[in-house]
Structure formats: C-alpha cells, structure tokens
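Participant: In the working numbering, the protein residues as written are 23 to 209.
(1) Near residue 206, which residues of its chain fall below 6 Å by C-beta distance, leaving aside the five closest residues on each side in sequence?
(2) Given that a residue counts as buried once 16 or more other Cβ atoms are within 10 Å of its Cβ, and exposed if not, what is residue 80?
(3) Does the Cβ-Cβ distance between residue 127 and residue 161 come in under 8 Å?
(4) Under the rule that 16 or more other beta-carbon atoms within 10 Å means buried, what is residue 193, buried or exposed?
(5) Taking the alpha-carbon positions, what's the residue 103 to residue 157 distance?
(6) Residues in the same chain with beta-carbon distance under 7 Å from residue 57, minus the five sequence neighbours each way, listed in chain order, please.
(7) I'd like the list of long-range same chain contacts for residue 93, defined as Cβ closer than 8 Å, with 5 residues on each side in sequence excluded.
(8) Quick one: what's got a C-beta closer than 6 Å to residue 159's C-beta in the same chain, skipping five residues either side?
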C-alpha cells in the first residue's frame, strides 16, 4: 500500500512544472489520484501481482504530467502540441529532472500503447525512435487504470463497456490488449 509520503513526493514533482491550484493543476491532481488509487487498489486485491506499490502510486500520479504542453483548452491545456504528444512530452519533462523510470510510464500509457505501425499509419506527430507500448507490469497496470478516467468528465468512472468503445478508435488490437489486462487486473 502507498502512503501520504508518495502523494506528497508526487505533488512536489508536479509543482516543478505546474502553478499550484491552477485549474489545470487541480484537474491533473484529481485525475492522477484517481488513476493512482485504482492502480494501488488493484495491487491490494491481487497480491500475486508483484509490483512496488510506492513506485506504482508515484508513477500513476506523474503519468499525465506532459498535458501542460498540449493544446486542449477543454481541459485547461494551453500549450502548442497536439494532445497525443503528452506522453512523450511528459517523459521528457521527467527525464529532465532525473526520473527516468517514471518517464517510461508517461511515455507508454496512451491507449493501450502505440506501435510504430500505429504512428506511421495514422501519421501521428510522435518521435518514431521510442517505444510507446507498456513493457513492464507496472506500466501495463497504470495504463489499464488510466482507461477508466477521463479528464473531460472527472466526476465519474467509465464502465468496462465504455472503455471498450473508447478504445475502438485505435482498432481491435487495442481492445484485445485491454481485455487481456482486464482479465489479469479485474477489480
């Protein structure tokens, strides 16, 4: 189980890049805490999953740190990059302060992960020299938990069917990956 020191640590990292108590800061904290709490709750329910709850909580709190650099005014983001870039942008921010392991979680959480084929076929504005699919259990868990929460509608948790529908835009393989995680992480 995670503790208050993990939350405080994550806030200190976020506050290196965000203005405390701004609308975007508050939305990011709410969403990130939802994802972090669900991620750790899954670990609590599944002791067979051998993952460090402190790392999982902290990484989940930081997974969306890059949204500040994107243009998504509906969620208070006034940057210049397309929203799809927030993962790698956040990874770069975290690497700039030496948080390389956390950066990988940020970089790999979009959809159920993006392949180089996805990037090329959809002409996505992402650097092609990175891996955008979860490679570790922790990355997969946080990616899975993130699918249940939307920053656009932060007051509710999505149903499994709503998550499936939202992932269909990325294709059947994305939904299949979610289903595999859902079987493993079922809460």
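Note that CB positions come from ideal geometry on N, CA and C, so glycine has one too. The model shown is predicted, which means the values in this text are computed figures rather than measured ones.
Facilitator: Let me lay it out:
(1) none
(2) buried
(3) yes
(4) exposed
(5) 25 Å
(6) 82, 85, 164, 167, 168, 171
(7) 99, 100, 101, 102, 103, 104, 105
(8) 73
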